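Participant: Pasting in a structure now, in structure tokens, and then I'll have a few things to ask.
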Amino acid sequence: MPMQAQTTLTDLENSTEFWPRHIGITEPDAKHMLAAIGAASVQTLIDSIVPASIAQRDAMALPAPVTEVQALAEMRAIAQKNQRLKSHIGQGYYGNHLPGVILRNVLENPAWYTAYTPYQAEISQGRMEALLNFQTMVTDLTGMDIANASMLDEATAAAEAMALAKRSVKSKSAVFVVSGYCHPQTIAVLRTRATPLDIEIVLTQSQEEWHNALAQPHFAALAQYPASIGGVHDYSEAAAATHAQQGAFIMAADLLALTLLKSPAEMGADIVVGTTQRFGMPMGAGGPHAGYMACLDAFKRSLPGRLVGVSVDSHGNPAFRLALQTREQHIRREKATSNICTAQVLPAVIASMYAVYHGPQGLARIAQRTARLTAILAKGLQALGQKLYASSAFDTLTVLTNDATDSVLAAAVAQGVNLRRVCAQSVGIALDETSTRADVELLLGLFAKTQATPDLNQLDDGQDLIPKDLRRNSAYLTHPVFNSHHSETAMLRYLRSLSDKDLALDRSMIPLGSCTMKLNATSEMIPITWPEFADIHPYAPAEQLAGYAELDAQLRQWLCSITGYAGVSLQPNAGSQGEYAGLLAIKAYHEAKGDTQRTICLIPSSAHGTNPASAQMVGLQVVVTACDKQGNVDLADLRAKCEQYSDRLACIMITYPSTHGVFETQVREICELVHQHGGRVYVDGANMNAMVGLAQPGQFGGDVSHLNLHKTFCIPHGGGGPGVGPVCVAADLVPFLPSTLNTPGSVGPVSAAPYGNAAVLPISWMYIRMMGDAGLRQATQTAILSANYISSQLKEHFPTLYASENGRVAHECILDLRPIKDACGITAEDVAKRLIDYGFHAPTLSFPVPGTLMVEPTESESLAELDRFIEAMVSIRQEIAQVENGTWPQDNNPLVHAPHTAASLLVGDWTAPYSREQAAYPVARLKQSKYWCPVGRVDNVYGDRNLFCSCLPIQAYED
1 MPMQAQTTLT DLENSTEFWP RHIGITEPDA KHMLAAIGAA SVQTLIDSIV PASIAQRDAM
61 ALPAPVTEVQ ALAEMRAIAQ KNQRLKSHIG QGYYGNHLPG VILRNVLENP AWYTAYTPYQ
121 AEISQGRMEA LLNFQTMVTD LTGMDIANAS MLDEATAAAE AMALAKRSVK SKSAVFVVSG
181 YCHPQTIAVL RTRATPLDIE IVLTQSQEEW HNALAQPHFA ALAQYPASIG GVHDYSEAAA
241 ATHAQQGAFI MAADLLALTL LKSPAEMGAD IVVGTTQRFG MPMGAGGPHA GYMACLDAFK
301 RSLPGRLVGV SVDSHGNPAF RLALQTREQH IRREKATSNI CTAQVLPAVI ASMYAVYHGP
361 QGLARIAQRT ARLTAILAKG LQALGQKLYA SSAFDTLTVL TNDATDSVLA AAVAQGVNLR
421 RVCAQSVGIA LDETSTRADV ELLLGLFAKT QATPDLNQLD DGQDLIPKDL RRNSAYLTHP
481 VFNSHHSETA MLRYLRSLSD KDLALDRSMI PLGSCTMKLN ATSEMIPITW PEFADIHPYA
541 PAEQLAGYAE LDAQLRQWLC SITGYAGVSL QPNAGSQGEY AGLLAIKAYH EAKGDTQRTI
601 CLIPSSAHGT NPASAQMVGL QVVVTACDKQ GNVDLADLRA KCEQYSDRLA CIMITYPSTH
661 GVFETQVREI CELVHQHGGR VYVDGANMNA MVGLAQPGQF GGDVSHLNLH KTFCIPHGGG
721 GPGVGPVCVA ADLVPFLPST LNTPGSVGPV SAAPYGNAAV LPISWMYIRM MGDAGLRQAT
781 QTAILSANYI SSQLKEHFPT LYASENGRVA HECILDLRPI KDACGITAED VAKRLIDYGF
841 HAPTLSFPVP GTLMVEPTES ESLAELDRFI EAMVSIRQEI AQVENGTWPQ DNNPLVHAPH
901 TAASLLVGDW TAPYSREQAA YPVARLKQSK YWCPVGRVDN VYGDRNLFCS CLPIQAYED
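Residue 436 in the UniProt record's numbering sits at position 436 of the sequence shown, and the numbers go up by one each step.
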């Protein structure tokens, strides 16, 4: 037995055990890569890339790393500080039962949660079918013509609907009428969004005010259905009144209630919004949950968010793709209709599968049971002498308490129950899928005092409280997909069949530049389904959310230490919302100083498209500044623009490292120049994975940044969401961070829940806790090393477009394929599709430069996987050479026909000038493990010309 090196107890405790599990490059690997690059050491490489003027010298103030087991134990201790009471608060958040087959095979399955946004349609057919189910579910229940593939939450969906109506209707009014029966958080977010757009919110607090407001000029109106505090109302006359003013009528509707209620379309609604939370997603202190938006056909071309459509592939078979305005903010920029980039795909998939599993009868039964229990509770309360706000109801009752609200709430908490404080004179009680007879008996006991509790059997007369003229008569969810998978065996196989069609991070590297597809470690994911985190209502009493408060505070403190900023808000539930909140803070800061004229936002031409879209949403005027040939901000042009707009300059938005994947050496000068003219500096944190531990935007001149926790800090992309986009600010901007209420000076809330997508915050907490200062720094260094390794290994085949003077890149590299197209017609898209045959998701295609591929490997990929990708790219370049030399025709070669399906290779008469083996197995290792693409290349033009965005008739799949 060989002698073992002497070790200390500290060594054996192995507090850094997670580092090599997260970082895929070993020390011998790094030496090999450094030799290939031509760098003496990792530190030498970093010093040659990160400008000395911004290089971080001090350690981040983070706790020392711990093992996975220790981190989970600490996380458990925090979780247990939350108090799990039975929630009857309602207000848009409800208890439900997520079927175990969906919990295990979607929410906890990396095949689903590690998938990327389905921009490459061919390798995203499974998740897009799930999203098409979601859209069909929404259109069926609302009665609308079309629905998108999810929004961030109900409140922001309502705000997007407000903006959609404003730009779509004939009315020139700036008035938006809002019913006081809407959820309070929706009203608060509407106020935040309306102010910079000069929209006047008219909030009505009674039926009389509502009718009077609708009789006056307005461009849209919003009603809640059923009402937030109970009551089911017919809005047909209200919709007609809005239409008479040439406006759009918007309804925020509960999808479960719509299984029993007359649809919004039948009342004349133009746009319908809401949340799908009660379709299987835990409350999770507010998120993530998939919001939805549906509308009439007349509004579809301006519908924000993502839309899955049905097209055909190169073989004429049905195939799914993102349709119409997909990521349209990158095309229209400051003229974009929305800045939404991240949806809530994983929660949307869960909601759609909840509907698939239960089917129309199952959903109706859940709704009927909820409505029946509500009716029984109402009759029991009335028998006890209690007065109710409304005689109609689906799941919510409001009890008039005669100023006894506080005592009723306290008595309920003492019995382990949370009720809603509506006002000093009333409390709300909401029932849901989890409600039982015992719950109703307990609730009646709270009000019985010395009286006997009524017998539930005697109270049940077989009726609910839904008005007869509002009962649903129209069919819904008639498509076979909602009527075929009700056994667990059938559902399990359906889910497996969908995930098998997709290419996610559990199969291979996803080398997407700017998107940072890094490891979502299992230990990071485990806490999100703990009941102590999952079963918490966002508006439960503050003392019951002590664990979430501690989690929020610690994570904010750590992010401040990492970024160098003074304050952070975790409320934004997407990077786009973080951008929005940060720009609102800058605008509010200027206005507080009386500088209301500062409305100019400078944005380099290379910026992410969400930047100008966000700027226009907060009422700033975008002025584009030039970039030089290396992709850096043109300082001369910036100086001229700063002088031209000096008195009006609000801010500049820059991305660092730049969108072109380079650390610009003059970033301090850029920041100082803007500050000299009274502007603030917004540093887009999309590329923070290249800076953690190496540079701090809050210290080199940044005033505001948003981060993407779903990128740098390991929250999974989930097929395009959920996300978290914290906004980080300098000390003098802290008072202007988003708040729960519209308090004076604050910009107000930017999402529905106080803590945003709180339920996924444990993921980033776990990552930082297990990595510590040194681990995070090593991860960043490794990401930069891997990107430079790929760039150096491919430079003879696909030159890197932008690099520093010494030829280095940051954490990503842009491969220039434009000369190839000029030489032989092969495009970057052809290469992207051919990579599918090699088992890879394509790099980012044609962004930020058309005709290029932007590659970001991340620190979690092994050297073997990097070499596999390099091998694939070199092999593809050799295939291109055969087109260049005339061996293969430009219009008949494996690149233009890629991706190849198994069916396409099994045809009897093979006439292609390349072999079937060349098509399927261009490199030998593919014979050992092969991903088969389910469809051929998808026809984008056909999909937009023949827009179809709901489930196809079953025969279309068979044909």
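Each residue gets a CB set at the ideal place from its N, CA and C atoms; glycine is no exception. Since this is a predicted model, take the numbers as computed values, not measurements.
Does DSSP put V938 in a helix, a strand or coil?
Facilitator: The residue labelled residue 938 in the question sits at position 938 within the sequence shown. Strand, per DSSP.
Participant: Among A257, E664, P196 and D595, which residue has its Cα nearest to the Cα of G678?
Facilitator: For the purposes of this step, residue 678 is taken as the residue at position 678 of the sequence shown. Selected option, being the one with the closest Cα: D595.
Participant: Could you compute how far the alpha carbon of K300 sits from the alpha carbon of R937?
Facilitator: To locate residue 300, count along the sequence shown from 1; it is residue 300. To locate residue 937, count along the sequence shown from 1; it is residue 937. Those two C-alpha atoms are separated by around 25 Å.
Participant: Cα-Cα, which of K31, T8, H22 and E17 is closest to L785?
Facilitator: Mapped onto the sequence shown, residue 785 falls at position 785. Cα-wise, what sits closest to L785 is K31.
Participant: At which residues does the beta strand (DSSP E) containing H706 begin and terminate?
Facilitator: Counting from one through the sequence shown, the residue named residue 706 turns up at place 706. H706 -> beta strand (DSSP E) spans V704 to H706.
Participant: Would you report the Cα separation of A73 and A686, rounded to the nearest angstrom?
Facilitator: Your numbering for residue 73 matches position 73 in the sequence shown. Your numbering for residue 686 matches position 686 in the sequence shown. Taking the straight line joining both Cα atoms gives about 31 Å.
Participant: According to DSSP, simplified to helix, strand and coil, what is E664?
Facilitator: As a position in the sequence shown, residue 664 is number 664, starting the count at 1. It is coil, neither helix nor strand.
Participant: Quick one: using the 10 Å Cβ neighbour count with 16 as the cut-off for buried, is L906 buried or exposed?
Facilitator: What you label residue 906 is simply residue 906 of the sequence shown in a count that begins at 1. Looking at its Cβ environment, which holds fewer than 16 other Cβ atoms inside 10 Å, L906 is exposed.
Participant: For T529 and V422, I'd like the C-alpha separation in whole angstroms.
Facilitator: Within the sequence shown, the letter at position 529 stands for residue 529. Within the sequence shown, the letter at position 422 stands for residue 422. Spanning the two alpha carbons is a distance of roughly 30 Å.
Participant: Buried or exposed, going by whether 16 or more other CB atoms sit within 10 Å of the CB of K449?
Facilitator: In the sequence shown, counting from the first residue as 1, residue 449 sits at position 449. That one is exposed.
Participant: Under 7 Å between the Cβ atoms of E702 and V683?
Facilitator: Counting from one through the sequence shown, the residue named residue 702 turns up at place 702. Counting from one through the sequence shown, the residue named residue 683 turns up at place 683. According to the sequence displayed, residue 702 carries Gly and not Glu. Yes.
Participant: Closest to F798 by CA distance: which of V568, L12, A121 and V855 is it?
Facilitator: As a working note, residue 798 is residue 798 in the sequence shown. Comparing Cα positions, the closest option is V855.
Participant: Measuring straight from C-alpha to C-alpha, what distance separates Q325 and A221?
Facilitator: Along the sequence shown, one-based indexing puts residue 325 at 325. Along the sequence shown, one-based indexing puts residue 221 at 221. For Q325, the pLDDT reaches just 49, beneath the cut-off of 50, and the residue's location in the model is therefore unreliable, although a value from the coordinates is still provided. Rounded to the nearest angstrom, the two C-alpha atoms are 25 Å apart.
Participant: For F176, which residues does DSSP report across the bridge?
Facilitator: Locating residue 176 in the sequence shown gives position 176, counting from the first residue. In DSSP, F176 forms a bridge with I201 and A220.
Participant: Would I199 and A240 be called neighbours here (beta carbons separated by less than 7 Å)?
Facilitator: Along the sequence shown, read from residue 1 onward, the residue named residue 199 stands at position 199. Along the sequence shown, read from residue 1 onward, the residue named residue 240 stands at position 240. No.
Participant: So V356 is in the alpha helix (DSSP H); what residue range does that whole segment cover?
Facilitator: Here residue 356 refers to the residue found at position 356 of the sequence shown. Residues V345 to A383.
Participant: Take the Cβ of W19 as the centre, count every other Cβ of all protein chains shown within 10 Å, and call the residue buried at 16 or more, exposed below.
Facilitator: In the sequence shown, the residue the question calls residue 19 occupies position 19. Buried, since its Cβ has 16 or more Cβ neighbours within 10 Å.
Participant: Identify the residues that DSSP records as bridge partners of F134: which are they?
Facilitator: The count along the sequence shown starts at 1 and reaches residue 134 at position 134. In the DSSP output, where bridge partners are listed per residue, F134 has none listed.
Participant: Starting from T625, trace the beta strand (DSSP E) both ways and give me its first and last residue.
Facilitator: Within the sequence shown, the letter at position 625 stands for residue 625. Taken as a continuous stretch (DSSP letters only), the beta strand (DSSP E) holding T625 covers Q621 to T625.
Participant: What would DSSP say about I146, mapped onto helix, strand or coil?
Facilitator: Translated into positions along the sequence shown, residue 146 becomes position 146. Residue state, collapsed to three classes: strand.
Participant: Indicate whether C951 and V481 have their beta-carbon atoms separated by less than 7 Å.
Facilitator: Translated into the one-based positions of the sequence shown, residue 951 becomes position 951. Translated into the one-based positions of the sequence shown, residue 481 becomes position 481. Against a cut-off of 7 Å, the Cβ pair of V481 and C951 comes out as a contact.
Participant: Using three-state DSSP, classify I271 as helix, strand or coil.
Facilitator: For the purposes of this step, residue 271 is taken as the residue at position 271 of the sequence shown. I271 falls in the strand class under three-state DSSP.
Participant: When DSSP labels each residue in this structure, what does F736 get in the three-state scheme?
Facilitator: Sequence index remark: in the sequence shown, residue 736 carries index 736 (1-based). Residue state, collapsed to three classes: helix.
Participant: Does the Cβ-Cβ distance between R834 and A898 come in under 7 Å?
Facilitator: Along the sequence shown, one-based indexing puts residue 834 at 834. Along the sequence shown, one-based indexing puts residue 898 at 898. Against a cut-off of 7 Å, the Cβ pair of A898 and R834 comes out as a contact.
Participant: Is it right to say H315 is buried, meaning 16 or more other beta carbons lie within 10 angstroms of its own, or is it exposed?
Facilitator: Position 315 of the sequence shown holds residue 315. Exposed, since its Cβ has fewer than 16 Cβ neighbours within 10 Å.
Participant: What separation, rounded to the nearest whole angstrom, lies between the Cα atoms of Q793 and N520?
Facilitator: Numbered from 1 along the sequence shown, position 793 holds the residue referred to as residue 793. Numbered from 1 along the sequence shown, position 520 holds the residue referred to as residue 520. Using only the alpha carbons, I get a separation of about 27 Å.
Participant: If you draw a straight line from the alpha carbon of E17 to that of P65, how long is it in whole angstroms?
Facilitator: Locating residue 17 in the sequence shown gives position 17, counting from the first residue. Locating residue 65 in the sequence shown gives position 65, counting from the first residue. Spanning the two alpha carbons is a distance of roughly 9 Å.
Participant: Who are the Cβ neighbours of H330 in its own chain at under 6 Å, not counting the five residues just before and after it?
Facilitator: If you number the sequence shown from 1, residue 330 lands on position 330. Interpretation of H330 is limited by its pLDDT of 48, a score under 50 that renders its predicted location unreliable; no figure is taken from the coordinates.
Participant: What are the complete alpha helix (DSSP H) segments, minimum 4 residues, inside the region 791-834?
Facilitator: Counting only runs of 4 or more, we get 818-824.
Participant: Could you check if H211 is buried or exposed, using at least 16 other CB atoms within 10 Å of its CB as the buried criterion?
Facilitator: One-based indexing of the sequence shown puts residue 211 at position 211. When all chains shown are included, H211 counts as exposed.
Participant: On a CA-only basis, which of S236, F840, E805 and A294 is nearest E160? Give me that one, please.
Facilitator: Here residue 160 refers to the residue found at position 160 when the sequence shown is read from its first residue. Comparing Cα positions, the closest option is A294.
Participant: Is the distance from the Cβ of G247 to the Cβ of F219 below 7 Å?
Facilitator: The sequence position of residue 247 within the sequence shown is 247, counting from 1. The sequence position of residue 219 within the sequence shown is 219, counting from 1. Yes. Within cutoff.
Participant: Go ahead and label G723 buried or exposed: buried means 16 or more other beta carbons lie within 10 angstroms of its beta carbon, across all protein chains shown.
Facilitator: In the sequence shown, residue 723 corresponds to position 723, counting from 1. By the neighbour-count rule (16 or more Cβ atoms within 10 Å), G723 is buried.
Participant: Specify the secondary structure class of D313 as computed by DSSP and reduced to three states.
Facilitator: As a first step, residue 313 must be located in the sequence shown, where it is residue number 313. In the structure shown, D313 sits in a strand (DSSP, three-state: E or B).
Participant: Relative to the C-alpha of G92, which residue among H537, R21, D270 and L635 is closest?
Facilitator: In the sequence shown, residue 92 corresponds to position 92, counting from 1. When each option's Cα is compared against that of G92, the closest is H537.
Participant: What are the uninterrupted segments assigned as beta strand (DSSP E) that are 3 or more residues long and contained completely in the region 567-615, given in chain order?
Facilitator: Runs of the beta strand (DSSP E) inside the region 567-615: 567-569 and 600-604.
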